[in-house]
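Note that the protein sequences, when read in sequence, are chains A and B.
For our numbering, add 8 to where a residue sits in the first sequence, where the first one is 1.
For our numbering, add 31 to where a residue sits in the second sequence, where the first one is 1.
All C-beta atoms in this analysis are idealised placements derived from N, C-alpha and C, irrespective of residue type, glycine included.
Heads up: the structure comes next, in structure tokens.
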Amino acid sequence: MSPDINMGLSIGLRMAWRNLWRHKRRTWLTVGAMIFSNLLLVFLISLQFGSYRMMIDNTLKSYTGHMQVQQQAYNDDPKIRHSIDGIIPLARSIRQQLGSGMVAARGVAFAMTSSKQRSYGLQIIGVEPRFEPNVSTLPGLIKKGKYFTDNHAEEIIIGSVLARNLRVDVGDELTLLGSGRDGSFAAGVVIVTGIFESGIIDIDRAMAQLPLAYFQALFSMGDQGHNIVINASDLTLVPDLEKQVANIVSARKELVVLDWNVLQPGLKQAIQADMTSAWFMYAVLIILVAFSVLNTQLMSVLERTREFGTMMALGLKPSRLGALVFTETFLMSSLGLALGTALGTVLAWYLSFVGFSYPGMEEMAVRFNLPDRMYPSLSLLSIFLGPGIVFACSLLASVYPALRLFFLQPVNAMRAV
Amino acid sequence: MKHLLVAFILCLFSLSALSATQKPRDLIIQAMNHWRGQTSYSEITMTIHRPDWERSMSMTSWTKGDKTTLVRVTRPKKDAGNGTLTKDNNMWTFSPKINRIIKVPSSMMNQSWMGSDFSNKDISKSTDIVDQYDHSLLETHEENGHRVYVIQSIPHEDAAIVWGREILIIRDDYVLLEQQFWDQDGILVKTMKAREIKNMGGRTVASIVRMRKQETADEWTEMSVQDIQFDIDIDGSLFTLSNLRNPRQ
Numbered sequence: 009m010s011p012d013i014n015m016g017l018s019i020g021l022r023m024a025w026r027n028l029w030r031h032k033r034r035t036w037l038t039v040g041a042m043i044f045s046n047l048l049l050v051f052l053i054s055l056q057f058g059s060y061r062m063m064i065d066n067t068l069k070s071y072t073g074h075m076q077v078q079q080q081a082y083n084d085d086p087k088i089r090h091s092i093d094g095i096i097p098l099a100r101s102i103r104q105q106l107g108s109g110m111v112a113a114r115g116v117a118f119a120m121t122s123s124k125q126r127s128y129g130l131q132i133i134g135v136e137p138r139f140e141p142n143v144s145t146l147p148g149l150i151k152k153g154k155y156f157t158d159n160h161a162e163e164i165i166i167g168s169v170l171a172r173n174l175r176v177d178v179g180d181e182l183t184l185l186g187s188g189r190d191g192s193f194a195a196g197v198v199i200v201t202g203i204f205e206s207g208i209i210d211i212d213r214a215m216a217q218l219p220l221a222y223f224q225a226l227f228s229m230g231d232q233g234h235n236i237v238i239n240a241s242d243l244t245l246v247p248d249l250e251k252q253v254a255n256i257v258s259a260r261k262e263l264v265v266l267d268w269n270v271l272q273p274g275l276k277q278a279i280q281a282d283m284t285s286a287w288f289m290y291a292v293l294i295i296l297v298a299f300s301v302l303n304t305q306l307m308s309v310l311e312r313t314r315e316f317g318t319m320m321a322l323g324l325k326p327s328r329l330g331a332l333v334f335t336e337t338f339l340m341s342s343l344g345l346a347l348g349t350a351l352g353t354v355l356a357w358y359l360s361f362v363g364f365s366y367p368g369m370e371e372m373a374v375r376f377n378l379p380d381r382m383y384p385s386l387s388l389l390s391i392f393l394g395p396g397i398v399f400a401c402s403l404l405a406s407v408y409p410a411l412r413l414f415f416l417q418p419v420n421a422m423r424a425v
Numbered sequence: 032m033k034h035l036l037v038a039f040i041l042c043l044f045s046l047s048a049l050s051a052t053q054k055p056r057d058l059i060i061q062a063m064n065h066w067r068g069q070t071s072y073s074e075i076t077m078t079i080h081r082p083d084w085e086r087s088m089s090m091t092s093w094t095k096g097d098k099t100t101l102v103r104v105t106r107p108k109k110d111a112g113n114g115t116l117t118k119d120n121n122m123w124t125f126s127p128k129i130n131r132i133i134k135v136p137s138s139m140m141n142q143s144w145m146g147s148d149f150s151n152k153d154i155s156k157s158t159d160i161v162d163q164y165d166h167s168l169l170e171t172h173e174e175n176g177h178r179v180y181v182i183q184s185i186p187h188e189d190a191a192i193v194w195g196r197e198i199l200i201i202r203d204d205y206v207l208l209e210q211q212f213w214d215q216d217g218i219l220v221k222t223m224k225a226r227e228i229k230n231m232g233g234r235t236v237a238s239i240v241r242m243r244k245q246e247t248a249d250e251w252t253e254m255s256v257q258d259i260q261f262d263i264d265i266d267g268s269l270f271t272l273s274n275l276r277n278p279r280q
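What follows is the structure, encoded as structure tokens:
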């Protein structure tokens with residue numbers, strides 16, 4: 009780079025910077041709009057990412073898990089006969105080969121569950137008492153009584169809403185009546201040993217768990233079960249772990265490994281739908297900012313018509329003047345970007361510790377499996393996605409004012425009012 | 032001679048006029064009465080067929096009037112003693128394994144009965160169709176020397192019934208040949224069909240009936256009647272919860 013061009017660049021930059029502050033108030037107003045929208049975008053997008061993360065975590069950790077090993081027909085057609093042979097030894101071997109405790113076998117069946125007063129049709133889950141707490145948050149959410157420890161015990165754990173509906177308490181009896189795997193009658197009497205409260209209405213109302221060995225005896229399952237739940241330590245590690253598990257069970261052709269996306273297709277769809285609707289709002293915000301930049305820059309070009317005419321008469325090329333206007337916008341947008349993201353990040357960072365809630369949020373949160381406080385989740389993407397787009401759109405808005413300079417006639421321009 | 036001929040022709044005429052004006056609702060009532068009698072006792076084997084397995088169960092059943100039924104499983108040994116009692120659209124089930132009687136809640140009435148393709152409702156409310164539906168005669172035709180009536184029954188607007196309509200095919204001797212269950216989108220869901228008709232207990236009845244889901248061709252449940260007796264003397268105490276628990280008969 010020759011010193012001449014270098015100097016030219018710095019002159020251009022210095023001129024642009026000085027031009028900006030010829031109208032202090034106007035520049036600050038435009039920058040203010042950018043700061044405000046960037047702050048809002050950083051905060052909202054971080055909050056959104058945070059709530060999605062929580063939605064996924066809470067939903068998956070309460071029951072589904074990150075992935076499951078199933079008999080291949082089970083996911084499309086969850087019938088009691090689509091089961092896995094020797095499920096407890098298989099779960100044990102996966103546990104050993106992965107070196108992870110977050111593996112638990114389950115059985116699923118349907119039964120009519122009756123107390124003295126009421127009856128409900130329920131999905132009954134057989135779980136391994138020792139390993140279930142590693143893959144699900146439910147065992148830790150027991151509000152009354154305790155989680156079972158004996159794999160053969162004739163005991164049941166139910167949700168708080170179900171307990172209220174059945175009008176039973178810890179220590180009471182429930183009878184289960186359904187069909188076994190061979191089509192025979194499955195009937196049993198169990199004692200309620202624990203009542204959990206997850207805050208997720210669907211689970212609290214319709215979930216009941218039995219120890220797996222008793223479950224197998226009750227439903228004539230032999231040594232079989234329906235799925236093995238496997239959790240990764242973090243959501244981002246799921247694809248790798250899925251490959252490892254698929255490798256371990258590859259010898260058994262009837263088995264498949266399904267990740268949470270397949271098991272809970274509604275979850276990702278709900279997130280995508282929410283994201284789309286949020287982006288409509290963001291687009292309005294961004295377009296308004298872009299127009300305010302366009303307005304400012306157009307005004308500043310028009311009011312300097314005589315000045316630009318004189319400069320062109322002195323031999324300055326229109327491209328140089330266009331670059332000047334563009335640089336002015338660039339500087340202004342950078343200022344908005346820097347201040348806006350900084351303020352937004354500080355706000356979101358603060359709230360990611362203390363949490364955030366607003367009146368009436370609880371009702372909605374329960375519906376989406378969210379806790380009653382939300383915590384924004386900060387990442388490079390959540391910080392720079394919104395402000396980056398505002399920045400790009402502002403630059404785009406200065407194209408029109410800059411282009412106008414190419415059609416300026418020096419003599420006419422110098423005579424302009 | 033001439034008079035006799037006229038009388039004969041008149042008689043023929045009036046007979047056909049009679050059958051043409053058979054009300055569809057009456058036909059259905061007749062068919063129900065024909066099948067159940069005032070009282071009945073029957074021994075039935077139920078076979079549940081699935082693509083990869085099959086299972087048979089034997090049971091004894093008693094009926095009285097059109098609203099009371101007691102069914103008790105006799106075979107296989109594992110399930111013997113299980114029973115259901117139906118009385119005025121209420122259903123109770125008893126299982127000797129837990130020695131308890133449980134009332135089946137109305138929310139469970141559309142669930143499968145004993146793992147079969149029959150629902151609890153199919154078993155308990157078999158005469159609902161008379162009162163809760165509007166009936167119309169779709170067509171009549173001759174088949175094997177019998178007149179056959181095809182009746183469409185559409186549930187009343189306010190009736191708590193999952194079906195959009197049912198189609199019943201009834202022979203002139205009141206044997207129910209076929210019953211189709213259509214959902215509210217006009218799709219045929221399942222069909223119950225008589226596969227064997229013979230004389231039993233002094234009546235012509237469908238002795239083998241198969242219920243088949245439309246979607247899955249290879250899944251069905253078959254009821255085959257081994258023995259049936261009509262209008263026998265049955266003590267009212269048979270249809271009580273205490274008898275469901277402790278069979279006296």
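Q | Boundaries (first-last residue) of the beta strand (DSSP E) holding residue 166 of chain B | A | Numbered from its first residue, the second sequence carries residue 166 of chain B at position 135. Counting along the chain, the beta strand (DSSP E) containing residue 166 of chain B begins and ends at 164 to 174.
Q: Name the one or two DSSP bridge partners that residue 75 of chain A has.
A: Along the first sequence, one-based indexing puts residue 75 of chain A at 67. The partner list for residue 75 of chain A (beta bridge, DSSP) reads A/238, A/267.
Q. Beta-carbon of residue 193 of chain A versus every beta-carbon of chain B: anything under 8 Å?
A. Translated into the one-based positions of the first sequence, residue 193 of chain A becomes position 185. So yes, residue 193 of chain A belongs to the interface.
Q: Give the residues from the segment 195 to 218 of chain A that approach chain B closer than 8 Å (Cβ to any Cβ), ordered along the chain.
A: Using a CB distance below 8 Å, the part of the segment 195 to 218 of chain A facing chain B consists of 195, 196, 197, ordered along the chain.
Q: Please name the residues in the segment 123 to 144 of chain A whose beta-carbon is closer than 8 Å to at least one beta-carbon of chain B, in chain order.
A: Cβ proximity to chain B below 8 Å picks out 126, 127, 128, 129 from the segment 123 to 144 of chain A.
Q | Which residues DSSP lists as bridging residue 134 of chain A, in chain order | A | Numbered from its first residue, the first sequence carries residue 134 of chain A at position 126. As computed with DSSP, residue 134 of chain A is found in a beta bridge with A/115, A/218.
(Q) Please list, in chain order, the chain A residues whose beta carbon lies closer than 7 Å to that of residue 113 of chain B. (A) The residue labelled residue 113 of chain B in the question sits at position 82 within the second sequence. Residues of chain A with a Cβ closer than 7 Å to the Cβ of residue 113 of chain B are, in chain order, 193.
(Q) Residues of chain B with CB closer than 9 Å to the CB of residue 187 of chain A, please, in chain order. (A) Counting from one through the first sequence, the residue named residue 187 of chain A turns up at place 179. Result: 143, 145, 146.
(Q) Would you say residue 120 of chain A lies against chain B (beta-carbon separation less than 8 Å)? (A) Your numbering for residue 120 of chain A matches position 112 in the first sequence. Chain B, which has a Cβ nearer than 8 Å to the Cβ of residue 120 of chain A, makes this yes.
Q: Kindly indicate which three-state DSSP category residue 257 of chain B falls into: helix, strand or coil?
A: What you label residue 257 of chain B is simply residue 226 of the second sequence in a count that begins at 1. The three-state secondary structure of residue 257 of chain B, taken from DSSP, is strand.
Q.
In the DSSP output, what is residue 87 of chain B paired with across the bridge?
A. Taking the first residue of the second sequence as position 1, residue 87 of chain B is located at position 56. Bridge partners of residue 87 of chain B: B/78.
Q | Proximity winner among A/333, A/290, A/324, relative to residue 310 of chain A (alpha-carbon distances) | A | Working through the first sequence from its first residue, we reach residue 310 of chain A at position 302. Out of A/333, A/290, A/324, A/333 has the C-alpha closest to the C-alpha of residue 310 of chain A.
**Q.** When B/100, B/136, B/193, B/183 are compared against residue 215 of chain B, the one with the closest alpha-carbon
**A.** Residue 215 of chain B sits at position 184 when you count from the first residue of the second sequence. The shortest C-alpha separation from residue 215 of chain B is found at B/193.
**Q.** Candidates A/61, A/23, A/349, of which the one nearest residue 276 of chain A by Cα
**A.** As a first step, residue 276 of chain A must be located in the first sequence, where it is residue number 268. When only C-alpha atoms are compared, the closest one is A/61.
Q: Could you tell me which uninterrupted alpha helix (DSSP H) segments, each at least 4 residues in length, are contained entirely in the segment 34 to 110 of chain A, listed from first to last along the chain?
A: Listed in chain order, they are 95 to 106.
Q) Can you tell me where the alpha helix (DSSP H) with residue 251 of chain A in it begins and where it stops? A) Within the first sequence, residue 251 of chain A is the residue found at index 243, counting from 1. In the DSSP annotation of this structure, the continuous segment of the alpha helix (DSSP H) that includes residue 251 of chain A starts and ends at 246 to 256.
Q. First and last residue of the alpha helix (DSSP H) that includes residue 290 of chain A?
A. Position 282 of the first sequence, counted from the first residue, corresponds to residue 290 of chain A. It spans 273 to 311 - the alpha helix (DSSP H) in which residue 290 of chain A sits, taken as one unbroken run.
Q: Determine whether the Cβ of residue 190 of chain A lies closer than 8 Å to any Cβ atom of chain B.
A: For the purposes of this step, residue 190 of chain A is identified with residue 182 of the first sequence, where counting begins at 1. By this cut-off, residue 190 of chain A is an interface position.
Q) What is the residue span of the alpha helix (DSSP H) that residue 358 of chain A lies within? A) The residue given as residue 358 of chain A occupies position 350 in the first sequence. Residue 358 of chain A -> alpha helix (DSSP H) spans 326 to 362.
Q: Identify the contact partners of residue 55 of chain B in chain A, using a Cβ-Cβ distance below 8 Å as the criterion.
A: By 1-based counting over the second sequence, the position of residue 55 of chain B is 24. Here the premise fails: no neighbours, minimum Cβ distance about 35 Å.
Q. Residue 175 of chain A: buried (16+ other C-beta within 10 angstroms of its C-beta) or exposed?
A. The residue given as residue 175 of chain A occupies position 167 in the first sequence. Counting the other Cβ atoms within 10 Å of the Cβ of residue 175 of chain A gives fewer than 16, which makes it exposed.
Q) For residue 114 of chain A, which of A/124, A/127, A/128, A/137 has the nearest alpha-carbon? A) Translated into positions along the first sequence, residue 114 of chain A becomes position 106. If we check each option's Cα against that of residue 114 of chain A, A/137 comes out closest.
Q. Which residues, taken in chain order from the segment 301 to 324 of chain A, show a beta carbon closer than 9 Å to some beta carbon of chain B?
A. Correct list: empty, as no residue qualifies.
Q. Do we get a CB-CB distance below 8 Å when we pair residue 183 of chain A with the residues of chain B?
A. Within the first sequence, residue 183 of chain A is the residue found at index 175, counting from 1. True, the Cβ-Cβ gap to chain B drops below 8 Å.
Q. Enumerated in chain order, which unbroken segments of the beta strand (DSSP E) with a length of 3 residues or greater are wholly contained in the segment 126 to 186 of chain A?
A. Given a length threshold of 3 residues, each whole run of the beta strand (DSSP E) inside the segment 126 to 186 of chain A is given here in chain order: 127 to 135, 150 to 153, 163 to 167.
Q. Residues of chain A with a CB under 8 Å from the CB of residue 124 of chain B: which are they?
A. To locate residue 124 of chain B, count along the second sequence from 1; it is residue 93. What residue 124 of chain B touches in chain A, judged by beta-carbon distance under 8 Å, is 185, going in chain order.
**Q.** Inter-residue spacing [alpha-carbon to alpha-carbon] between residue 64 of chain B and residue 98 of chain B
**A.** Position 33 of the second sequence holds residue 64 of chain B. Position 67 of the second sequence holds residue 98 of chain B. Take the alpha-carbon of residue 64 of chain B and the one of residue 98 of chain B: they are about 12 Å apart.
Q. If we count the other Cβ atoms within 10 Å of its Cβ and call it buried at 16 or more, is residue 45 of chain B buried or exposed?
A. Residue 45 of chain B sits at position 14 when you count from the first residue of the second sequence. Residue placement at residue 45 of chain B is poorly supported in this model, since its pLDDT is 44, which falls under 50; the coordinates still yield a value, given next. By the Cβ neighbour-count rule, residue 45 of chain B is exposed, with fewer than 16 other Cβ atoms within 10 Å of its own.
Q.
Assuming the contact rule is C-beta atoms closer than 8 Å, residue 228 of chain A and residue 267 of chain A should be a hit. Round their C-beta distance to whole Å, please.
A. One-based indexing of the first sequence puts residue 228 of chain A at position 220. One-based indexing of the first sequence puts residue 267 of chain A at position 259. The beta-carbon separation of residue 228 of chain A and residue 267 of chain A, rounded to 31 Å, does not stay under the 8 Å limit for a contact.
Q. Does DSSP put residue 190 of chain B in a helix, a strand or coil?
A. Taking the first residue of the second sequence as position 1, residue 190 of chain B is located at position 159. Of the three classes helix, strand and coil, the one that applies to residue 190 of chain B here is coil, per DSSP.
(Q) Considering just the uninterrupted stretch of the beta strand (DSSP E) at residue 210 of chain B, what are its terminal residues? (A) By one-based count along the second sequence, residue 210 of chain B stands at place 179. Membership of residue 210 of chain B in the beta strand (DSSP E) is indicated by the continuous run 207 to 213.
(Q) So residue 110 of chain B contacts chain A; which residues on that side make the cut at Cβ distance below 8 Å? (A) By one-based count along the second sequence, residue 110 of chain B stands at place 79. Contact note: residue 110 of chain B reaches chain A through 192, 193, using a C-beta cutoff of 8 Å and chain order.
Q. Three-state secondary structure (DSSP) at residue 139 of chain B?
A. The sequence position of residue 139 of chain B within the second sequence is 108, counting from 1. It is helical.
**Q.** Residue-level contact to chain A via CB, residue 243 of chain B, 8 Å cutoff
**A.** The residue given as residue 243 of chain B occupies position 212 in the second sequence. Cβ-Cβ to chain A under 8 Å: no for residue 243 of chain B.
Q.
Could you check whether residue 406 of chain A and residue 349 of chain A sit closer than 8 Å to each other, using their CB atoms as the reference points?
A. Position 341 of the first sequence, counting from 1, holds the residue named residue 349 of chain A. Position 398 of the first sequence, counting from 1, holds the residue named residue 406 of chain A. For the 8 Å CB-CB criterion, residue 349 of chain A and residue 406 of chain A do not form a contact.
Q.
Suppose contacts are defined by Cβ-Cβ distances below 8 Å. Is residue 294 of chain A in contact with residue 45 of chain A by that definition?
A. Counting from one through the first sequence, the residue named residue 294 of chain A turns up at place 286. Counting from one through the first sequence, the residue named residue 45 of chain A turns up at place 37. A distance below 8 Å separates the beta carbons of residue 294 of chain A and residue 45 of chain A.
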